[in-house]
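Shown next, in structure tokens, is the structure this report addresses.
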Amino acid sequence: VTGEHSNPSPHWRSLIERALGEAAGDPAAYHVQVATVTPGGRPANRTVVFRGFIAGTDWLCFVTDVRSQKARHVRNQPWGEVCWYLAASRQQFRLAGELALVTGDETDAALQQARQAAWTALSDRTRRQFFWPEPLLPRARPAAFEVAAPDGAQPPATFCLLVLRPTQVDHLDVGSYPHRRTVYRLQASGQWSQETVNP
Ligand SMILES: Cc1cc2nc3c(=O)[nH]c(=O)nc-3n(C[C@H](O)[C@H](O)[C@H](O)COP(=O)(O)O)c2cc1C
122 VTGEHSNPSP
132 HWRSLIERAL
142 GEAAGDPAAY
152 HVQVATVTPG
162 GRPANRTVVF
172 RGFIAGTDWL
182 CFVTDVRSQK
192 ARHVRNQPWG
202 EVCWYLAASR
212 QQFRLAGELA
222 LVTGDETDAA
232 LQQARQAAWT
242 ALSDRTRRQF
252 FWPEPLLPRA
262 RPAAFEVAAP
272 DGAQPPATFC
282 LLVLRPTQVD
292 HLDVGSYPHR
302 RTVYRLQASG
312 QWSQETVNP
């Protein structure tokens, strides 16, 4: 994996991990919005579940369906942004960078392993969704949603990881007053710069 780093975790990552700790297991704390760009150049935004960081990297991992619109957008234009509001600690993180899909065709062994592990970690209820009819087509008959329990060891071709490799993180703390805002930028050296700005 080219993104593996020996640098310590960037500061923004420890702030997210701390805020998740303060959320004390609230599932809503793991819901983030991820924005993509449509082929027509318009924004498209939706809620997804944060599944953790890809091991050895600071890349955010989500799971999605290769048939989804967001997957189409990423294939066309990889730039995206995650907006994450952690309500318990009143912290907003806007993470911008390139999005990538990790499908069954992925040749990088570590990423393929991450895809396999993410599939196994899903609930049966979530796994079944990858066998539902094609998203965005007119509603199929009810029987089309009656799918057998999928094999938890074998991800289907419809299952992929959506990975965000952040290059800029904008952190806004509205739990303090006046609010505090910090922008982190990934440098060519692989180090993160940090600038305190007006909110
Ligand atoms: C609470 C919540 C969690 C969701 N989690 C995911 C998720 O982890 N992955 C995903 O692909 N869609 C998830 N969705 C559905 C997306 O918001 C969206 O409707 C779907 O992925 C289709 O989006 P698209 O057409 O832009 O690709 C979630 C929706 C909600 C309301």
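Throughout, the working numbering is defined as the position within the sequence shown, counted from one, plus 121. Yeah, the Cβ is synthetic: ideal placement off N, Cα and C, and Gly gets one too.
- As for any alpha helix (DSSP H) of minimum length 4 sitting wholly inside the stretch 176 to 223, the runs are 190 to 197, ordered along the chain.
- Set against 6 Å, the gap from the CB of Thr168 to the closest heavy atom of ligand 1 is smaller.
- For Ser244, the closest alpha carbon among the candidates Cys204, Arg172 and Ala217 is that of Arg172.
- Taking 6 Å as the cut-off, one finds at least one heavy atom of ligand 1 near enough to the beta carbon of Gln190.
- Thr168: member of the beta strand (DSSP E) spanning Pro164 to Val170, first to last residue.
- The beta carbon of Tyr305 sits closer than 6 Å to the beta carbons of Trp133, Val290, Trp313 and Gln315 from its chain, once the five residues preceding and following it are set aside; these are given in chain order.
- Beta-bridge partners of Glu267 (DSSP): none assigned.
- Taking the Cβ of His152 as the reference point, at least one heavy atom of ligand 1 falls within a distance shorter than 6 Å.
- One alpha carbon belongs to Ala238, the other to Pro299, and they sit about 42 Å apart.
- Secondary structure of Tyr151 (DSSP, three-state): helix.
- Within the chosen limit of 6 Å, ligand 1 does not reach the beta carbon of Thr224 with any heavy atom.
- Within a 10 Å sphere around the beta-carbon of Pro276 sit 16 or more other beta-carbons, which makes this residue buried.
- In this structure, the CA atom of Asn166 is about 26 Å from the CA atom of Gln233.
- In the three-state reduction of the DSSP assignment, Ser135 falls in the helix class, which pools H, G and I.
- Taking the CA atoms as reference points, Ala270 sits about 24 Å from Asp226.
- Taking each of Thr159, Val169, Val295 and Phe251 in turn and checking the Cα distance to Asp272, the smallest one comes out for Phe251.
- Under the 8 Å Cβ criterion, the stretch 148 to 156 counts as touching the stretch 196 to 204, having at least three qualifying pairs.
- DSSP places Leu141 within a helical segment (H, G or I) once states are collapsed to three.
- Rounded to whole angstroms, the separation of the alpha carbons of Asp294 and Thr228 is 40 Å.
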